[in-house]
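J.: Numbering (this note's numbering), first residue to last: 16 to 569. Yeah, the Cβ is synthetic: ideal placement off N, Cα and C, and Gly gets one too. Bear in mind that the values here come from a model prediction, so they are computed numbers and not experimental data. First, the structure itself, so that you have it in front of you.
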Amino acid sequence: MNPVLADVLQVTALITALALVHRPLGDYMAAVYSSPKHLRVEKWIYRSVGANPDAEMRWPAYLRGILIFSAVGVLFLYVMQRVQDTLPLSLGFQPITPDQAFNTAASFISNTNWQSYSGEVAMSHVTQTAGLAVQNFVSAAVGMAVAVALVRGFARSRTGELGNFWSDLVRGTVRILIPLSLIAAIILVACGAIQNFGDIHHVTTLTGDQQALSPGAVASQEAIKDLGTNGGGFFNANSAHPFENPNGLANLLEIFLLLVIPFSMPRTFGKLVGSLKQGYAIVGAMGVIWFAAVIAVTWLEYAHPGTASQLAGGAMEGKEQRFGEGASSLFSVSTTMTSTGSVNSFHDSFSGLSGGVLLLGMMLGEITPGGVGSGLYGMLIMAIIAVFIAGLMVGRTPEYLGKKIGSREIKLAACYILITPALVLIGTAVAMALPDGKEAMTNIGAHGFSEVLYAYTSGSNNNGSAFAGFGANTPFFNISIGLCMMLGRFLPMVFVLALAGSLAEQKPVPETAGTLRTEKPLFTGLLVGTVLITTGLTFFPALALGPLAEGMTS
């Protein structure tokens, strides 16, 4: 089959599957978060942690729950890595060094899953399953809980109560993530992904060399790694490894898992605020940017100059050889435009301009469609910015979903969109000014700068992918990127929840003839423009020094 035709059919199948699931999954998640009943297993969990799931929380209490839960998770995962040699099923692996253990704990608790280690030769069975995989579930559930809290801020009035964090956390995990992950893991096993707790196998290769093959509970971790937009691979090669990604069907399933919850959550938003059209406007903006990026990266990779690339039909170095150029491009765009970080090819091998598109996908705030929960609340923040801009143009107080966007709301939204750019640019500048940054670069010039910029963009935006030529396993980068991951995850949540509380306290404003219709295609276009312009003005100088300079000279 013609490779281009195969790529078109693959994207068509993916979009069709996402469209078919959008309504039932979105409605189901809305029902989960609005149900007054608790399952028996949920009641047991509440009793074990001493939580009252029916007690409504104002935003400071909701935030305290998130921070306490996450702090305990960081400590637990850090200690587990430091003592993994004393735990069962250790496979003979030594404890993780203090700086790398901190980096990994911060990474998985913040839903980033940045990895400065090779999982198959560093992490034991217990650390992988009881540590990393568990955090894949709960860190994703935290993001979904914050998104639902913000939606309640729009839906409620004359109250500062946003629901109960413990209830939202447990429901997201028990009723959404676990069942879907179970189904996905079974399909992956059927496709050929491994799932066991065996010992390391030593085999002799065709050349007579010895090779160690690491077993593990790969399929179950792979399922939640993608579904929860986590991205931490069991193996260093991540989804390019045949044990994680056995064939073309598994590859397409993993891309589907990356996108299914983020693209369905706008339907949940529309259902909870009582206007499905509002959800369609949000998912439309997400889809337009995602689809444009897929086209751009695929075209740039097929058109990459050079005799070798032309003979191969594309720039195949570092790509997934089993599936072709298109599948690598589709996977890379989907993983950088969600907060996943899972990869089936080396992003470091992409051309300068297509690598710039991947960087831009993260710099947008990963809202197209973004991570589970974080993509929705990030896009809703951008919607507030968009209606504020529209209000300035027509000279009236902006409104969104019947709530006035006053000075307090716009200040909180502005603080939100400034956090990650500050972390990215300051982190990159400090690294480039110190010997550590230059020594970690395996390339010189614009591409070497792009490696450092990508690292801090990925960490601060809670993505986790990397330009793999970058040597990040040093105390400086483990600590600095670890701090960026923590700040990039939890500081934005402070402003999101404060904004949700402010909106929930407001009295609804009736629609008038001058009210901006935010469910119309015109607003979707305004929202897309706001996202691109805001990011472009912020990051264009850095992009010009890295991927743009590389692309113009290659």
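#1: Tell me whether the beta-carbon of residue 540 lies closer than 8 Å to the beta-carbon of residue 411.
#2: Could you check if residue 62 is buried or exposed, using at least 16 other CB atoms within 10 Å of its CB as the buried criterion?
#3: For residue 309, count neighbouring C-beta atoms within 10 Å of its own C-beta (all shown protein chains included) and say buried if the count is 16 or more, exposed if not.
#4: Starting from the Cα of residue 18, find the closest Cα among 339, 122, 202, 210 and give me that residue.
#5: By Cβ distance below 6 Å, which residues in the same chain neighbour residue 185 in space, the five residues on each side in sequence not counted?
#6: Compute the Euclidean distance between the alpha carbons of residue 288 and residue 102, then round it to the nearest angstrom.
#7: Assuming residue 148 and residue 239 form a contact by the criterion Cβ under 8 Å, report the distance between their Cβ atoms to the nearest whole angstrom.
#8: Could you give the first and the last residue of the continuous beta strand (DSSP E) run that contains residue 582?
#9: Over the uninterrupted beta strand (DSSP E) stretch that includes residue 312, give me the two end residues.
#10: State yes or no: is the C-beta of residue 1 within less than 8 Å of the C-beta of residue 124?
#11: Output needed for residue 146: all residues of its chain with C-beta closer than 6 Å, excluding positions within five of it in sequence on either side, in chain order.
#12: May I have a chain-ordered list of the beta strand (DSSP E) segments no shorter than 3 residues that lie completely inside the region 374–433?
#13: Go through its chain and collect everything with a Cβ distance to residue 26's Cβ below 7 Å, but skip five positions before and after it.
#14: Can you give me the C-alpha to C-alpha distance between residue 266 and residue 315, rounded to a whole angstrom?
#15: Report back the beta-carbon spacing between residue 71 and residue 237 to the nearest angstrom; my notes put them in contact at under 8 Å.
#16: On the CB-based measure, 16 or more other CB atoms within 10 Å of its CB, does residue 41 come out buried or exposed?
#17: To the nearest whole angstrom, what separates the beta carbons of residue 189 and residue 78, a pair I think is in contact under 8 Å?
#18: Residue 334 and residue 364 look like a contact to me (Cβ under 8 Å); what is the Cβ gap, rounded to whole Å?
#19: Just to confirm the assignment: which complete alpha helix (DSSP H) runs, minimum length 4, are found wholly within the region 29–90?
#20: Apply the 10 Å Cβ neighbour rule to residue 377 and answer buried if 16 or more other Cβ atoms are within range, or exposed otherwise.
#21: Helix, strand or coil for residue 140 per DSSP?
#22: Check residue 217 in the structure and name its three-state DSSP category.
#23: Using CA atoms only, rank isn't needed, just tell me which of 523, 76, 138, 533 is closest to residue 97.
#24: My output table needs one value for residue 176: the three-state DSSP class, helix, strand or coil.
#25: Rounded to whole angstroms, how far is the Cβ of residue 126 from the Cβ of residue 386, which I believe are closer than 8 Å?
T.: By the coordinates alone:
#1: Translated into positions along the sequence shown, residue 540 becomes position 525. Translated into positions along the sequence shown, residue 411 becomes position 396. If you check the CB distance, residue 540 and residue 411 do not come in under 8 Å.
#2: Walking along the sequence shown from the start, residue 62 turns up at place 47. Looking at its Cβ environment, which holds fewer than 16 other Cβ atoms inside 10 Å, residue 62 is exposed.
#3: Here the question's residue 309 lines up with position 294 in the sequence shown. Residue 309 should be labelled buried.
#4: In the sequence shown, the residue the question calls residue 18 occupies position 3. Just measuring C-alpha positions, the residue of 339, 122, 202, 210 sitting nearest residue 18 is 339.
#5: In the sequence shown, residue 185 corresponds to position 170, counting from 1. Residues 57, 60 of the same chain have their beta carbon placed closer than 6 Å to that of residue 185, with the five preceding and five following residues left out of the count.
#6: In the sequence shown, counting from the first residue as 1, residue 288 sits at position 273. In the sequence shown, counting from the first residue as 1, residue 102 sits at position 87. Residue 288 and residue 102: Cα-Cα distance of roughly 48 Å.
#7: For the purposes of this step, residue 148 is identified with residue 133 of the sequence shown, where counting begins at 1. For the purposes of this step, residue 239 is identified with residue 224 of the sequence shown, where counting begins at 1. At roughly 6 Å, the Cβ-Cβ gap stays under 8 Å, so residue 148 and residue 239 are in contact.
#8: Nothing can be reported for residue 582: it is not among the residues displayed for the chain, which extend from 16 to 569.
#9: Stepping through the sequence shown from its first residue, residue 312 is reached at position 297. For residue 312, there is no enclosing beta strand (DSSP E); the enclosing alpha helix (DSSP H) has its first and last residue at 291–317.
#10: Examination of residue 1 is not possible in this model, given that the chain is present from 16 through 569 alone.
#11: Indexing the sequence shown from 1 puts residue 146 at position 131. Taken in chain order, the residues that qualify are 92, 95.
#12: Within the region 374–433, no run of beta strand (DSSP E) at least 3 residues long lies entirely inside it.
#13: Against the sequence shown, residue 26 aligns to sequence position 11. Cβ within range, chain order: 309, 345.
#14: Here residue 266 refers to the residue found at position 251 of the sequence shown. Here residue 315 refers to the residue found at position 300 of the sequence shown. Whole-angstrom Cα-Cα distance: 21 Å.
#15: As a working note, residue 71 is residue 56 in the sequence shown. As a working note, residue 237 is residue 222 in the sequence shown. In fact, because the Cβ distance is near 37 Å, the residues do not count as touching under 8 Å.
#16: For the purposes of this step, residue 41 is taken as the residue at position 26 of the sequence shown. With 16 or more other Cβ atoms inside 10 Å of its own Cβ, residue 41 counts as buried.
#17: Locating residue 189 in the sequence shown gives position 174, counting from the first residue. Locating residue 78 in the sequence shown gives position 63, counting from the first residue. Contact doesn't hold; Cβ gap of about 22 Å is too wide.
#18: Residue numbering aside, residue 334 sits at position 319 when the sequence shown is read from its first letter. Residue numbering aside, residue 364 sits at position 349 when the sequence shown is read from its first letter. With 8 Å as the limit, residue 334 and residue 364 qualify as a contact, their Cβ atoms being about 7 Å apart.
#19: When DSSP assignments are scanned along the region 29–90, the uninterrupted stretches of alpha helix (DSSP H) that are 4 or more residues long and fall wholly within it turn out to be 55–64.
#20: Here residue 377 is taken as the residue at index 362 of the sequence shown, counted from 1. Classification for residue 377: buried.
#21: Residue mapping note: residue 140 aligns to position 125 of the sequence shown, counting from 1. Helix, per DSSP.
#22: Residue mapping note: residue 217 aligns to position 202 of the sequence shown, counting from 1. Three-state DSSP puts residue 217 in a strand.
#23: Looking up residue 97 in the sequence shown gives position 82. Nearest C-alpha to residue 97: 138.
#24: The sequence position of residue 176 within the sequence shown is 161, counting from 1. Note: residue 176 maps to strand in three-state DSSP.
#25: By one-based count along the sequence shown, residue 126 stands at place 111. By one-based count along the sequence shown, residue 386 stands at place 371. Confirmed, about 6 Å.
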